[in-house]
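Novice:
Given below as structure tokens:
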């Protein structure tokens, strides 16, 4: 394969990726976009949410340790 063919294939794959991303973003309903705009990434945690979200922290009975790293050396 020549370098020109590789470049053309790369550009074609990028164009396909852009068009698929645009189609996915265009298919999101307006109500979902508005809710995401109002609540951000914590959507569903508002106290007045109709889906039963309370906005309170849920205790699982175990301490929240977060991300831990293993120091092997």
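In the working numbering, the protein residues as written are -18 to 54.
Ideal Cβ positions, reconstructed from N, Cα and C, are used throughout, including at glycine.
These numbers come from a predicted model, not from an experiment.
#1: Taking DSSP as the reference, what is the three-state secondary structure of residue 4?
#2: Can you grab the Cα-Cα spacing for the pair residue -4 / residue 51, in whole Å?
#3: Distance, Cα to Cα, residue -11 vs residue -18?
#4: Between the alpha carbons of residue -9 and residue 15, how many angstroms are there, rounded?
Specialist: According to the structure shown:
#1: For this step, residue 4 is matched to residue 23 along the chain shown. Residue 4 falls in the helix class under three-state DSSP.
#2: On the chain shown, position 15 is the one that residue -4 refers to. On the chain shown, position 70 is the one that residue 51 refers to. About 41 Å.
#3: The residue given as residue -11 occupies position 8 in the chain shown. The residue given as residue -18 occupies position 1 in the chain shown. Rounded to whole angstroms, the gap between the alpha carbons of residue -11 and residue -18 is 11 Å.
#4: Sequence index remark: in the chain shown, residue -9 carries index 10 (1-based). Sequence index remark: in the chain shown, residue 15 carries index 34 (1-based). The C-alpha of residue -9 lies about 36 Å from the C-alpha of residue 15.
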